[in-house]
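A quick write-up on the structure given underneath.
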Amino acid sequence: MSKYLLRRFLFAAIILIFGSLIIYTVIRCLPTSFIETTARQRSSMPGAKSYAEILEELNKLYARDTSILDGFFKWFKNAMQGNWGTSWVFTKPVVEKFREVIWYSIFLNIVTLFVQTFVSIPLGITAARNQYGKTDYFVTVFSLACISLPTFFLATVLKFIFAIKLDWFDLYGAVGRFHMQLDAWGKFLDLAHHMVLPVVTLSMLSIGGMMRFTRTNMLEVLNADYIRTARAKGLPEDIVIRKHAFRNTLIPLVTYMAYLIPNMFAGSLITETLFQIPGIGFVAYTAVTQGDIPFAMFYSFLTIALTQVSLLIADFMYAAVDPRVRIN
Amino acid sequence: MSEQPILNNTPVENPEPEIRLDDEKRVRVLSPGLLIWRRFVRNKLAIAGLIILASMFIFSFIGGLISPYKQQQVFRKTDTAMREYASAMINEDLRYIVKDGEKFSNIAAANFVLAKNNKRTTFDYAGTHYSFKAGAEDFYEIYSLTEIGSVLMLGKKPNFDLNEGETLTAEEETAIAEAVKTKTAAFELDGKQFVLRRDGKNNIISVTKPIAIGTTLIFDASDREGVPIVNNYEFIRGAGLAILENESDFTCGGQTYAIVETDDKTTVYRSGSEDEPFATISNLMIRATSPDVFLSTDFKNAFLDAAANGQRAFSLENADGEPVEYTITRTHNTYTIRTASLTELINMYAPPSRSHILGTDSNGMDILTRLMYGGRVSLVVGFVVVFIELIIGVIVGGISGYFGGIVDMLIMRFIDIFNAIPFYPIVFILGAIMDTMQIAPMQRIFILMIVIGLNGWTSIARIVRGQILSLREQDFMLATRATGIRTMRQIFVHLVPNVMPLLIVQATLSLGSIIIIEATLSYLGIGIKYPYASWGSIINAATNLHVMTNYWYMWFPAGILIFLTVLGFNFVGDGLRDAFDPKMK
Amino acid sequence: MNQQPLLEVKNLKKYYPLRSGFLNRVTGYVKAVDGISFSIPQGKTMGLVGESGCGKTTAGKTILRLEEKTDGAVLFEGREVYDIGKEEMRRLRPKLQIIFQDPYSSLSPRLPVGEIIGEAAREHKIVPSDEYDDYVTKIMLDCGLQEYHKLRYPHEFSGGQRQRICIARALALNPKFVVCDEPVSALDVSIQAQIINLLEELQSKFDLAYLFISHDLSVVQHISDAVGVMYLGSMVEYAPKDEIFAHPLHPYTEALFSAIPVPDPDYAMNRIILEGSIPSPANPPSGCKFHTRCAKAMPQCKEITPEMTEAAPGHFVSCHLFRA
Amino acid sequence: MAFWNKKQNGKKSLDPNYISAADSARIARENRKITTAYEKKRSRKNVPESEYLTKMRDPKNVVEFDDVHTYFYTDIGTVHAVDGVTFDIPASSTVGVVGESGCGKSVTALSLMQLVQRPQGQTVKGEIRVNLGDKAYDIVRTPTEAMTHIRGNEVSMIFQEPMTSLNPVFRVGAQIDEVIRMHNPEMNPDQVKARTLEMINLVGIANQEGVYGMYPHQLSGGMRQRIMIAIALACNPKVVIADEPTTALDVTIQAQILDLFRSLKSRINASIILITHDLGVVAEMADYVVVMYSSRIVEKGTAREIFHDPRHPYTIGLMKSKPILNKKVDKLYSIPGSVPSPIDMPNYCYFRDRCDKRFGRCNGAYPPQIQISDTHFVSCYQYAPENEK
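See the structure below:
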């Protein structure tokens, strides 16, 4: 087991290194004129460093004067020591900015994961139980509709209906105007209130896929011989489903959920941007679209790392639910 | 036993039946195509998806052809707007009205102003001598002088030395002599003006000829017919002189005019029609902004009344008897009069109507037409990207699956690394670069297609590889090797057709997600740019809160189209997957 | 065996490497085929029996060079099959054919039956192209298929007919040697008999040599001239049919024979029940691989791998009980 | 419309073996109608017992199949998988059901368990009476809730594939516990476990405690089949259905399992329905044998009657076509042709076209069951008195 883990870790590390090498290469291949233009623009912003300083820092951190490979390792060394440079857009160290905003994203995504799990798994199972029945059709249509909805459109429609027409929620932002005057509980409620639409958006988008996945796997499991055995034992149908079928459906499902984590963060990039929730996604979007190289680099690295971590988690979860894997 | 006699109660006619029970012809089965079709149509959603997709294609590709509008046709509309109707100012500048057939150049006029300011009565320009008669502050009659000779006073007796061809009557001579004596510079005799100018002892005699009027007064005719008369030199001179001399009437062109002076203006009536003002004279200049418009006296009077009372607006009936509202704004001594008038505008944000079923957008283009052309872009981008994905995916996945071993290992690891690279940040950076570099919109589309295609090929490659790996293990592939069939034939006759169904399914499902990605990028302003439209870039309008709130028809239909198209692809893909799935009964 | 056998297998070995660890190092081998030897004369049938996982199918594939051998020799008409170049091997392939166990996965699902049968014959130019069509028809009729089947697809046929198609495909190439890899195991009893009869008919008609792989002893006994018994990759006993069925020597062969149920309710059973289950071929027992289940196991069986010995003329057995 | 139909017909003539699109759509429509009606009936709640209580014809029987028809509504037509099957399972006896694949033997067994793949598969006619001692149930009409007390408790089943029939994510012990707890709610966990261990021991596994905590994938095929047998016997059922219990196993393992069955037969008080295509297995195990061909019973009788005095040409052919160890034949007997597809069967002997003994009467309606002895019945005109229809 430990040998397997070690192998898995090593592999994740290799992917991380190669992946960030590619990111680094992309950054290094950026046209100089673009970098200079952006740097010049940035330096004219209030509170920013001077143009020369910005360029100097960039040259130093990204070792732009050496070959790509040399430069990469210099950068990698810097990065591993926590030196990610200063964001051009936010004019503060990248890591500091990250620490400020990541909690919004985590909150958003965890709530979404819960909502999604508790909606889509029961629905997917129900659909599989009466394949080609009315419920199945409804669930299929609903899930495919969810998959087919572009994030921005769903968000716009939700905002239009609930924020503009009904005025139940604020259009933008993670907190209200009077957030600072509220007590702790009030602050939480305020935040929760602002998270409703983003959570609904993110959940809707992911429910579809998960529901399909649950349904497909459930159907497969329901055709398995051991389900027939369970029925032949005289177990009532709902125990057959809840116990025998569900435990087996869980095996691919946990893997799916682990893979979902990095996807959710990528997906919340758009959603956070649309609702202007100041999470890592929105911040990254703002930074990256404005050519903030240090932040772009950091965010990309973070995403790769997250993907690898989620793969590791997937392996663990898989072993946790499937005894066949546990032994090997 | 079979030799036994046939019994009566058994059918004898047909001892050997046409078809044996175990003959496979006895029971009809589903043909391979029908088998797939049956499974496909069992899924009603797949049919719905097909219909949706067909409508989308017709809408985008045929709709664009039958649409009466072009993709980038900008629509205008006529609308009432407060436009400048007239302006008024207190005139302090001299205007010069030149008698017909005479010349009075600008430089001469400048010399005139100089002379006037220096209190001289004569001035020269280009060898010509001029004089003027200073009336009131604002009315000057300007003459040109013609020398007719000179007079030398020898004692008391004038000695005339006339130019050739000039004559003086005795009266005139007497008058001249008198003037010389009294040192009068100018006098008039029988309507003829004489000007004397000292030249040493000599006095040069000139006769004057009126050539122009310089005045700050504004002469306005009351109606359009009066304009040529009123603007005539004779009329202005007549009226001006009459005012100067406080006469109550004057004659011009055989017509007698009466002048009535009030506090702030002077009105001229034509004799015979005293109740109808013929012209007004004032120092207020009111001019219509458009040369076509003639301002009536009523209008001017109404304006003057309003201006005098400090009003900001006034109302007046127009020729048709309808009331028209005018507003007045004043800056220094200039008034601007505005009124609502019909004008042509770009037809922005037009609500849905008969001619624009879904209204127009912020560029004044027909949204429905934009949607049709946008659909083309979205669908074409989708197909091209899928094509790119398929080509790369099938080649890489095929190599990986067919050759296996170390090749497979390397390719799969490469795919792992490739998959780890986050897509959106890279595209955002790319978008920023393209913005900075000002890449042409068409090139942008191509770059976009390649980037999205590069993002998606790995999943196709994985699927192809997996499928080929599993097919390779099947006995029929082993049989092709055992029978010595060439590798190419193994791949293209036995392997590829079996991968096709899955590829078709995957391509269909990918199309949906590609359209979403393209739309998302376009929505964020990174993708398709004006003047090209895609459904995503049309919804981009909704990023403007004002548009989102007030003009739902600008973004909602495009969103619905994207949604329906992707849904269609997903429905069909799902149906195909079920249809091709050998596990399905 | 004076005359040169058509096919001779000498000490054939096929090991599959077991990989593990980060670098996918080979940490062991599954000895699927661990040194088997036999020979088949022209027109004769060699039966290969054994339970699942004993390596009989791998042996068949390795002999046909569908899997690469690890060691040993396969001589076809006196030539080492593994020494033949790639293109020449392709041209030799028609002589060496195979019929698979699963009639469902052994036919290309998207080709019509006529094409499945005829494509290789066309490719190897077995017949002139103008006779091609008739040739395919003739083969199909030989194998009990109808001409109108040509345009049908495999999924429209029953298992027995599919097996006929497989046989027709092999036969169309004019083979000399056919590996029949459990050709009747997946078929119903009444169809089994048809296929067995068909195989026998074709053998006498075309003078074919068969390697008949099966777990069904009664079928093997019916069709074979010589029988080899395999256990965990090794051949434990190899003898002419009559000899081996009359005097099974190896304890495993004995047990195997006694395990066959006889369709007679009054048959007095004298069954040798083997305890336990077949060990994993990845981790076979030391010494004689059978010693873990053998009722007659001796201490030496655990240590020493028995050699193949000729206990009676032509009767080879690998057991310490019969050491020469 | 007429034109359209014509076109369809024209298309059909291209390959008469294919169903036209229109026909296929019609079949699908009809199937849907029929299956929905059955499903509706089945999903009713609170069905009164009187609806499914019945009386045994002979109280000595534990199960009586009486003219059972189980149909599958498929895309190419209605498959009569079981088409009027009648036979009895006497108490404490083993009944072997033999036949080739697709002859309906498994579906017969699944009908008894109400485990036929729904909604396509429906038992549409006939009675399956199960003797529960004080009362008898007609399984065809028993609602699902009541079925749960019969399945695994009164009637249990062993399946063909031991590798996939056990749930891979639960420990073996838990899977046996489950069925005991389910049908004996009064037992406490310790008693349940004790019973489980007893059962594991019963099926010939020495290391009960160890196996109790193992997962199925840690066991070999033979061991798993033993566990399946333990599950089936755990609640002392009246009937055990063994559906090809040894087909997937190797010969030596099959011998072990058959040995186990034989030893269990004397120790348990259950009847066994042994479904197999292997005549040898049946001969070894069964007291009574039912031979099925193409969804119908062609011959039934005691094992001796069937093996020593087979009457039906199919039974005879079947026995002749199987090579027997140490019994030399030059050429195997083979029944010509193949098993017919059970769709649209005509009303004459299904075996007629493959039969080498057919004669004029065979063209008549499907032959009735003709009694040869007290227990021996055969469906063949050869044995029918000439005046009988």
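Protein chains in written order, with numbering that gives the first Met the number 0: chain X, 0 to 327; chain C, 0 to 584; chain B, 0 to 323; chain Z, 0 to 388.
Yeah, the Cβ is synthetic: ideal placement off N, Cα and C, and Gly gets one too.
Give the DSSP-derived three-state secondary structure of residue i in the structure shown.
i, result
"Gln-202 (chain B)", "helix"
"Ser-314 (chain C)", "strand"
"Met-297 (chain B)", "coil"
"Met-213 (chain Z)", "coil"
"Pro-4 (chain C)", "Here Pro-4 (chain C) scores only 35 on pLDDT, less than 50, and its place in the model should not be relied on; the value that follows carries that caveat. Pro-4 (chain C): coil per DSSP, three-state reduction."
"Phe-358 (chain Z)", "coil"
"Lys-186 (chain X)", "helix"
"His-314 (chain B)", "strand"
"Thr-374 (chain Z)", "coil"
"Cys-251 (chain C)", "strand"
"Arg-196 (chain C)", "strand"
"Ile-72 (chain Z)", "A small fix is needed here, since residue 72 (chain Z) is Tyr in this sequence, not Ile. Of the three classes helix, strand and coil, the one that applies to Tyr-72 (chain Z) here is strand, per DSSP."
"Leu-303 (chain C)", "helix"
"Thr-261 (chain C)", "coil"
"His-276 (chain Z)", "coil"
"Lys-6 (chain Z)", "Confidence in Lys-6 (chain Z) is poor, its pLDDT being 36 and thus under 50, which makes the residue's placement too unreliable to answer from."
Name, in chain order, the residues that DSSP records as bridge partners for residue i.
i, result
"Asp-133 (chain Z)", "Looking at the DSSP assignment, Asp-133 (chain Z) forms no beta bridge with any residue, so it has no partner."
"Arg-295 (chain Z)", "Z:Tyr-292"
"Leu-107 (chain X)", "Partner(s): none; Leu-107 (chain X) has no beta bridge."
"Ala-85 (chain C)", "C:Ala-287 and C:Ile-336"
"Asp-160 (chain C)", "C:Ser-149"
"Lys-13 (chain B)", "B:Val-32"
"Ser-281 (chain C)", "C:Ile-217"
"Glu-389 (chain Z)", "Limits of chain Z in this structure are 0 at one end and 388 at the other, which puts residue 389 (chain Z) out of reach."
"Arg-75 (chain C)", "C:Ile-345"
Along chain C, in chain order, which residues have C-beta atoms closer than 8 Å to that of residue i?
i, result
"Asp-258 (chain Z)", "Residues of chain C passing the Cβ test: none, with the nearest at roughly 34 Å."
What residues of chain Z sit near residue i, judged by a beta carbon separation below 9 Å?
i, result
"Leu-234 (chain X)", "Thr-147, Arg-150, Gly-151, Glu-177, Val-178 and Met-181"
Below 9 Å on C-beta distance, what does residue i contact in chain X?
i, result
"Trp-551 (chain C)", "Phe-159"
Run through chain B and tell me which residues come within less than 8 Å of residue i, C-beta to C-beta.
i, result
"Asp-249 (chain Z)", "Glu-50, Ser-51, His-214 and Ile-277"
Just the chain X side, please: which residues come within less than 7 Å of residue i by C-beta, in chain order?
i, result
"Asp-415 (chain C)", "Ile-14"
Counting only Cβ pairs nearer than 9 Å, list the residues of chain C close to residue i.
i, result
"Glu-146 (chain B)", "Under the 9 Å cutoff, chain C gives no residues; its nearest Cβ is about 13 Å from Glu-146 (chain B)."
Discussion item. Pairs of beta-carbons, one from the segment 32-48 of chain C and one from the segment 547-560 of chain C, closer than 8 Å: are there three or more?
Written reply: no
Worksheet item: Given 8 Å as the limit, is there contact between the segment 123-133 of chain C and the segment 72-88 of chain C, that is, 3 or more CB pairs closer than that?
Response: no
Worksheet item: When you check each C-beta in the segment 211-240 of chain Z against every C-beta of chain B, which residues fall closer than 8 Å?
Response: Ser-219, Gly-220, Gly-221 and Met-222
Fill in: Three or more C-beta pairs below 8 Å linking the segment 46-66 of chain Z and the segment 252-260 of chain Z
no
Worksheet item: Got a sec: which bits of the segment 471-497 of chain C sit with their beta carbon under 8 Å from any beta carbon on chain B, in order along the chain?
Response: Gln-473, Asp-474, Phe-475, Leu-477, Ala-478, Thr-479, Arg-480, Ala-481, Thr-482, Gly-483, Ile-484, Arg-485, Arg-488, Val-492, His-493, Pro-496 and Asn-497
Worksheet entry | Three CB pairs or more closer than 8 Å across the segment 93-100 of chain B and the segment 180-187 of chain B | yes
Practice prompt. With 7 Å as the C-beta to C-beta threshold (strictly closer), list the residues of the segment 91-110 of chain Z near chain B in chain order.
Written response: Glu-99 and Ser-100
Discussion item. By the 8 Å beta-carbon criterion, what residues does the segment 296-310 of chain X contribute toward chain C?
Written reply: Tyr-298, Ser-299, Thr-302, Ile-303, Thr-306 and Gln-307
Worksheet entry | Chain-ordered residues of the segment 26-60 of chain X with a beta carbon less than 9 Å from chain C | Ile-26, Leu-29, Pro-30, Ser-32, Phe-33, Thr-36 and Thr-37
Fill in: the segment 113-130 of chain X contacting the segment 297-306 of chain X, beta-carbon criterion three pairs below 8 Å
no
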